[in-house]
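Numbering (the numbering used here), first residue to last: 544 to 1027. Cβ atoms here follow ideal geometry from the backbone N, Cα and C, with glycine treated the same way. On a predicted model such as this, the values are computed, not experimentally measured, just so you know.
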Ligand code: NDP
């Protein structure tokens, strides 16, 4: 493990949901590793007039650990920036006082767990009071979403770059912190047998599916404005796509990997709008429960035409992938929770097996299924002979499940926070990458595409089958493994 320097971890938005549910547990988890707890002090910041004790009480509540009292009292602090975010001078004084009291050398993380609309102002306020200049290193972490289209992402990059250099900026896409996503790199570049198959000669199509049974929940205010293309496709699904499609990097270093991902996006053809399917869920049944239509959800206007489902093909115009569709599909109120990449190999060129009636026997193509959730692992579908007379084939699976081999997998935020405090940018999104991704999707935002309805609990609108007929209807079955 890379050594951890003594530092102050400043969380903007410390009274919010992400801090309580993800950041504090991840930090606490890290603190339990030898040598880390003494190095990290946490300063929560928000507009609410909380005291240190209020913040510590929230942390105890979030972490539900009896042993915590001592750690909280010594390591957690809180500073209000006032109801109009006007007290940045007081924040700077508090940061300096904490550093002096705990003998910290000026290493600072500024984690912006804030509404996206205030990312730019917050970074500027940090810069204006000089918090970004210290005797140690400084790093700024920006949560998703980064911009809401190409122009806003470029503008935000410009504002942040006025105060932080690119190697100090950590743009989060928490999918990249998931072990299985990182294992895609190990799988592709640590196993030579796959590399020779990983191209247009052997692969017929790739399907990336991120399905969730949940509806909009309590996020209607943000979600109805953003829509599913911005919320899921521009970031998470595009990350999965680039990791599958990228060329082998020269090293396992941040610049090499991020550079290859950007090249994929730059080689990706402009999306054909006539092949894009937007959907919105209607009332239906999910997991035996009747659920309302999107438009009937709390906080959603009853004439909303926001998409809750997106399906589209991407094509990479390079030597490796020319002509191979990468189908991205994601939606709310689909039948199950599943994040999956299914690599469909080409069929055997001829079938030499005959059925009892003398016709050619169907041979199913091999499929490699990479499951990110639930129950992370890999499955390789292959054909075997059914025992008995005649030559009948059946599809079987070779499977590997992470938790059977390694036990529970760490939460993505633990991985990402460790990388932030050790200064490893490999799993964070570069400014070139975020802009290249927005360049791809921004034309769709302006296109006023039709939004088809689909019953909650189905795999999306019927238009998907018409527009993208080669696509599997639903997730590819994966083995759930004995421990599922
Ligand atoms: P919340 O609304 O729960 O919290 C927002 C925080 O920001 C609060 O601490 C709030 O505190 C503070 N805040 C609100 N308005 C302002 C303002 N104008 N100036 C300064 N501070 C402000 O949001 P979440 O915690 O859910 O999300 C935070 C960020 O993380 C968002 O960008 C979100 O997209 C992203 N994210 C969240 C996930 C989650 O699971 N929650 C998952 C992935 C990303 P106060 O009012 O006291 O200032």
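For the putative contact between residue 737 and residue 731, defined by C-beta atoms under 8 Å, what is the C-beta separation to the nearest angstrom? Contact holds; Cβ gap of about 6 Å.
Where the alpha helix (DSSP H) containing residue 615 begins and where it ends: Counting along the chain, the alpha helix (DSSP H) containing residue 615 begins and ends at 611 to 618.
Would you say the beta carbon of residue 565 comes nearer than 7 Å to a heavy atom of the ligand NDP? Because some heavy atom of the ligand NDP lies under 7 Å away, the Cβ of residue 565 counts as near it: yes.
How about residue 996 and residue 822: do their beta carbons lie closer than 8 Å? Yes, the pair counts as a contact, with Cβ atoms nearer than the cut-off.
Do residue 1014 and residue 1040 come within 8 Å of each other at the CB atom, strictly closer than that value? This structure cannot settle anything about residue 1040, because the visible part of the chain is limited to 544 through 1027.
Can the beta-carbon of residue 1113 be found closer than 8 Å to that of residue 716? Given a span of 544 to 1027 for the chain in the structure shown, any question on residue 1113 remains unanswerable.
Tell me residue 822's beta-bridge partners as DSSP assigns them. Paired residues: 852 and 995.
For a test of your reading of the model: does the CB of residue 590 fall under 7 Å from any non-hydrogen atom of the ligand NDP? Yes or no. The answer is yes for residue 590.
Round the Cβ separation of residue 749 and residue 943 to the nearest angstrom and send it over; I've been treating them as touching at under 8 Å. Between residue 749 and residue 943 the beta-carbon gap is near 19 Å, outside 8 Å, which marks them as no contact.
Which full runs of the beta strand (DSSP E) of 3+ residues lie inside the stretch 875 to 924, going along the chain? Those beta strand (DSSP E) runs which fall completely within the stretch 875 to 924 and span 3+ residues are 881 to 888 and 910 to 916.
Kindly indicate the opening and closing residues of the alpha helix (DSSP H) around residue 799. Residue 799: member of the alpha helix (DSSP H) spanning 797 to 810, first to last residue.
heavy atom of the ligand NDP below 7 Å from residue 995 C-beta: It does not: the Cβ of residue 995 is nowhere closer than 7 Å to a heavy atom of the ligand NDP.
Verify whether the separation of the beta carbon atoms of residue 849 and residue 767 is less than 8 Å. Between residue 849 and residue 767, the C-beta gap is smaller than 8 Å, which places the two residues in contact.
The ligand NDP heavy atom lying under 7 Å from the CB of residue 880: Between the ligand NDP and residue 880, a heavy atom-to-CB distance of less than 7 Å is absent.
Cβ pair count under 8 Å reaching 3, the stretch 791 to 811 against the stretch 960 to 971: The stretch 791 to 811, when compared against the stretch 960 to 971, does touch it at the 8 Å Cβ threshold.
Taking the runs of the beta strand (DSSP E) that are 3 residues or longer, which of them lie wholly in the stretch 561 to 615? Secondary structure remark: continuous beta strand (DSSP E) runs of at least 3 residues inside the stretch 561 to 615, in chain order: 583 to 589.
Tell me whether residue 929 sits in a helix, a strand or coil according to DSSP, three-state version. Three-state result, residue 929: coil.
Taking the Cβ atom as the reference point for each residue, do residue 755 and residue 561 lie within a distance shorter than 8 Å? No, Cβ-Cβ distance for residue 755 and residue 561 is not below 8 Å.
Let me know the secondary structure DSSP gives residue 786 once reduced to three states. Residue 786 falls in the helix class under three-state DSSP.
Looking at residue 631: is its Cβ nearer than 8 Å to the Cβ of residue 607? Contact: no.
In the DSSP assignment, find the unbroken beta strand (DSSP E) run with residue 833 in it and report its ends. Its beta strand (DSSP E) spans residues 832 to 834.
Report the three-state DSSP secondary structure of residue 986 (helix, strand or coil). In the three-state scheme derived from DSSP, where H, G and I count as helix and E and B as strand, residue 986 is classed as helix.
Short check: CB of residue 747 to CB of residue 889, under 8 Å? Yes; because the gap between Cβ atoms is below 8 Å, this pair is in contact.
Would residue 758 and residue 853 be called neighbours here (beta carbons separated by less than 8 Å)? Not a contact, by the Cβ cut-off of 8 Å.
Is any non-hydrogen atom of the ligand NDP found closer than 7 Å to the C-beta of residue 602, if you look at the structure I gave you? No; taking the cut-off as 7 Å, the Cβ of residue 602 has no heavy atom of the ligand NDP nearer than that.
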